[in-house]
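Residue numbers (the numbering used here): 3 to 516. From the three backbone atoms N, C-alpha and C, an ideal C-beta is built for every residue, glycine too. Here the structure is a predicted model, which means the values were calculated and not measured.
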Amino acid sequence: MRVRIAPSPTGDPHVGTAYIALFNYVFAKKYGGQFILRIEDTDQTRSTKSSEDAIMRALRWVGLAWDEGPDCGGPYGPYRQSERTELYQQHAQILIDKGAAYRCFCTSERLEASRRARMAEGKPPGYDRLCRYLSEEEIAQRLSAGEKYVIRLAMPLEGKTRFFDGLRGEIEIENATIDDQVLLKSDGFPTYHLANVVDDHLMKVSHVIRAEEWIISTPKHIALYLAFGWEPPAFLHMPLLRNPDRSKISKRKNPVSLDYYRDAGFFPEALLNFLSLMGFAFGGDREKFTLAEMIEVFDWTKVSAGEPVFDLQKLTWLNGLYLHEMPPEMLLSRLRAWRLSDDYLLQLIPLLRERIERMDQFIPSASFFLTGDIDYSGVMASLIPKGRDQTQASQALAELTDYLEEQVRHGWTAEALEKACRDFCEKTGWKTKELFMPIRIAVTGRAASPPLFETMVAIGKDLTRRRLRLAAHALLTYSAPAAQPAVSPSAPAQAHAKPQAPAKAPPAKPVSSS
RNA sequence: GGCCCCAUAGUCUAGCGGUUAGGACGUCGGCCUCUCACGCCGAAAACGCGGGUUCAAGUCCCGCUGGGGUCACCA
Numbered sequence: 003m004r005v006r007i008a009p010s011p012t013g014d015p016h017v018g019t020a021y022i023a024l025f026n027y028v029f030a031k032k033y034g035g036q037f038i039l040r041i042e043d044t045d046q047t048r049s050t051k052s053s054e055d056a057i058m059r060a061l062r063w064v065g066l067a068w069d070e071g072p073d074c075g076g077p078y079g080p081y082r083q084s085e086r087t088e089l090y091q092q093h094a095q096i097l098i099d100k101g102a103a104y105r106c107f108c109t110s111e112r113l114e115a116s117r118r119a120r121m122a123e124g125k126p127p128g129y130d131r132l133c134r135y136l137s138e139e140e141i142a143q144r145l146s147a148g149e150k151y152v153i154r155l156a157m158p159l160e161g162k163t164r165f166f167d168g169l170r171g172e173i174e175i176e177n178a179t180i181d182d183q184v185l186l187k188s189d190g191f192p193t194y195h196l197a198n199v200v201d202d203h204l205m206k207v208s209h210v211i212r213a214e215e216w217i218i219s220t221p222k223h224i225a226l227y228l229a230f231g232w233e234p235p236a237f238l239h240m241p242l243l244r245n246p247d248r249s250k251i252s253k254r255k256n257p258v259s260l261d262y263y264r265d266a267g268f269f270p271e272a273l274l275n276f277l278s279l280m281g282f283a284f285g286g287d288r289e290k291f292t293l294a295e296m297i298e299v300f301d302w303t304k305v306s307a308g309e310p311v312f313d314l315q316k317l318t319w320l321n322g323l324y325l326h327e328m329p330p331e332m333l334l335s336r337l338r339a340w341r342l343s344d345d346y347l348l349q350l351i352p353l354l355r356e357r358i359e360r361m362d363q364f365i366p367s368a369s370f371f372l373t374g375d376i377d378y379s380g381v382m383a384s385l386i387p388k389g390r391d392q393t394q395a396s397q398a399l400a401e402l403t404d405y406l407e408e409q410v411r412h413g414w415t416a417e418a419l420e421k422a423c424r425d426f427c428e429k430t431g432w433k434t435k436e437l438f439m440p441i442r443i444a445v446t447g448r449a450a451s452p453p454l455f456e457t458m459v460a461i462g463k464d465l466t467r468r469r470l471r472l473a474a475h476a477l478l479t480y481s482a483p484a485a486q487p488a489v490s491p492s493a494p495a496q497a498h499a500k501p502q503a504p505a506k507a508p509p510a511k512p513v514s515s516s
């Protein structure tokens, strides 16, 4: 029995990856199988090494160790798809030879135009299969003319594909509704569909346990297995994690980066336990259990296909259970591994040293470096610059968060942040003077702080972005008191232990002076 | 919109033809207590709707509704 987790290194390590990895891992360990990590970096424009590193680091952090992978190797490597391109090209050729795939010379312009035309006619927007029926001569001629092409799957035009989903039972999909998927892109790299099937077969994966969003493309994959003459693996689609509004979990509505959970002070074992609760019932009303215990009792009949909403509050409660039961020495070492490490404190000292005169001022001055989410209830008014309203301020902070997401992808550095923030102001017509203060308040909860961008670096990408979103959100529901006194620069916002920021801010309380 | 998936309290879930529909988060109330927290006790809160099948339906079947996913040279 062999299973795999196959993340695409195109962004932050995603909580959904950990979720799927968890169930693969548990299943593998339950039955003495292997758990494989395969990096699906076939998108040359979006894949990055830093994302790959982050994903592996995060997966190790949660404690899901793989038996085979790009770092530790294994009998069926390499485990990074970018190192296997030749393999996919060979297999694409096999499909062409068998008539199960064909070259398509259509330009993206033509595809776009055809898509629009089909939409206008009320037809589904898929490929119109123009190149599927090209004559041998024409193909040869266009090849020798050096035209660029992709290789598409010649999907059966009739009949149905039936398969058994381990969680839902029989699923039946009409072949005619499935598009002739691109298998090999014009840059020579495979798409997910080809690479995935070829690798799963070559790596002897027996059970494909992945997210629900893949159900619809399963017929494509089965068509590929059949065309190659291979036996398809067993399929099992886990439900998608949800935002509170039930849409697929996303960074705008919920923290999704595993690094956020780490930096916000969650324990990996608590996160894993919580993730198990998303669909899995231990039995006997037990909610707290270890990975080992889960493996012991695991069975797919205990997993439901419902669509679970990821509830930060319940995760926090569960984390508290772990924390309360932890021996003091253990908790101390966890704290040290977290933000009380020499490394981290040493990073803060240069930022804070000039701003304090006695050692006792260090902890209060550093508080926002050492917390997760911030409570803005005491500083709401100063989140809104003069001459702007709270909607504008909220929108600016929310848009800035997205903008940083885009612009500071390749390195969360002070220089990059400053440039991005300044560019953002220029683009949106905000003065840096008016917007930088709300940003500072959002990030630190205070009007006075060390230099903003260095501070953002020290706080870290995920916590910073979370706070910006939180502040934007708090502004949305803020109702200003008649006369809001300005917050004194030395007044720290109270750090809030719960990750869920209070949506309705209580009336600003007088801030205590330290 | 086509296709596919899902459906027990606000949220996570138990239930697998006969239950006062169980547990947990959250909420509210109380106890404990120098405060707070923890802990303990209690309360409110759910089978989406309509048809079947059956002596009996949250549980099986069909339809509807609702939600979601997917329709890329992204995964």
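Among the options, nearest to residue i - alpha-carbon criterion
i      : options                           : result
Phe282 : Val5, Ile22, Ile7 and Leu132      : Ile22
Glu139 : Leu406, Met205 and Arg105         : Arg105
Lys150 : Cys108, Cys133 and Met121         : Cys108
Ile376 : Ala444, Asp287, Gln397 and Glu356 : Ala444
Gln315 : Ile297, Ile217 and Phe276         : Phe276
His412 : Arg48, Arg134 and Met205          : Arg48
Phe165 : Leu132, Ser219 and Gly124         : Ser219
His239 : Ile7, His475, Gly35 and Ser481    : Ile7
Gly267 : Glu359, Val152 and Arg338         : Arg338
Gly35  : Arg144, Ile57 and Arg4            : Arg4
Met439 : Met332, Lys429, Gly431 and Ala450 : Ala450
Gln183 : Ile153, Glu174 and Met332         : Ile153
His195 : Glu359, Asp425, Ile217 and Ser52  : Ile217
Gln394 : Ala60, Val299, Leu136 and Thr430  : Thr430
Pro453 : Ile141, Leu279, Ile351 and Leu136 : Ile351
Thr44  : Thr415, Gln91 and Gly18           : Gln91
Check whether residue i and residue j have beta carbons under 7 Å apart
i      : j      : result
Ala102 : Leu185 : no
Thr292 : Pro221 : no
Phe370 : Thr446 : yes
Arg1   : Glu309 : Outside the displayed range of the chain (3 to 516) lies residue 1, so it cannot be described from this structure.
Asp189 : Tyr129 : no
Pro577 : Ile38  : Because the chain here runs from 3 to 516, residue 577 falls outside it and cannot be looked at.
Leu97  : Ala229 : yes
Leu354 : Ala368 : yes
Pro387 : Glu417 : no
Leu477 : Thr403 : no
Ile297 : Lys32  : yes
Glu54  : Pro15  : no
Tyr378 : Ala473 : yes
Gly171 : Trp302 : no
Glu2   : Gly76  : This structure leaves residue 2 out entirely; the chain is present only between 3 and 516.
Glu408 : Phe455 : no
Tyr263 : Gln392 : no
Glu215 : Pro241 : no
Bridge partners - residue i, DSSP secondary structure assignment
i      : result
Ser188 : Looking at the DSSP assignment, Ser188 forms no beta bridge with any residue, so it has no partner.
Asp167 : Gly171 and Phe237
Ala75  : Per the sequence presented here, residue 75 reads as Gly, with Ala not at that position. For Gly75, which the question treats as bridged, DSSP gives the partners Gly71.
Ala103 : Leu155
Phe282 : Val305
Val311 : Arg244
Ser259 : His16
Lys162 : Glu176
Phe37  : Val5
Lys250 : Arg244
Val210 : Phe237
Thr82  : For clarity, residue 82 is Arg in the given sequence; the question names Thr instead. Arg82 is bridged to Ile41.
Expected contact under 8 Å - CB spacing of residue i and residue j to nearest Å
i      : j      : result
Pro329 : Arg468 : Not a contact, Cβ separation roughly 30 Å.
Ala20  : Leu260 : 6 Å
Gln83  : Ala197 : 5 Å
Val311 : Pro246 : 6 Å
Leu372 : Arg336 : About 14 Å; that fails the 8 Å criterion.
Tyr78  : Leu204 : 6 Å
Ile57  : Pro9   : 5 Å
Thr434 : Arg424 : 6 Å
Validate contact between the segment 270-286 and the segment 317-331 using beta carbons, cut 8 Å, 3 pairs
Contact between the segment 270-286 and the segment 317-331 is present, because at least three Cβ pairs lie under 8 Å.
At least three beta-carbon pairs within less than 8 Å, the segment 197-215 to the segment 230-242:
Touching, per the Cβ criterion.
Cβ pair count under 8 Å reaching 3, the segment 21-35 against the segment 46-66:
Yes, the segment 21-35 is in contact with the segment 46-66.
Cβ contact check for the segment 156-175 and the segment 190-207: 3 or more pairs under 8 Å:
In short, these stretches do not touch, since the Cβ pair count stays below three.
Any chance the segment 380-400 sits against the segment 456-467, with 3 or more Cβ pairs inside 8 Å?
Too few Cβ pairs lie closer than 8 Å, so no.
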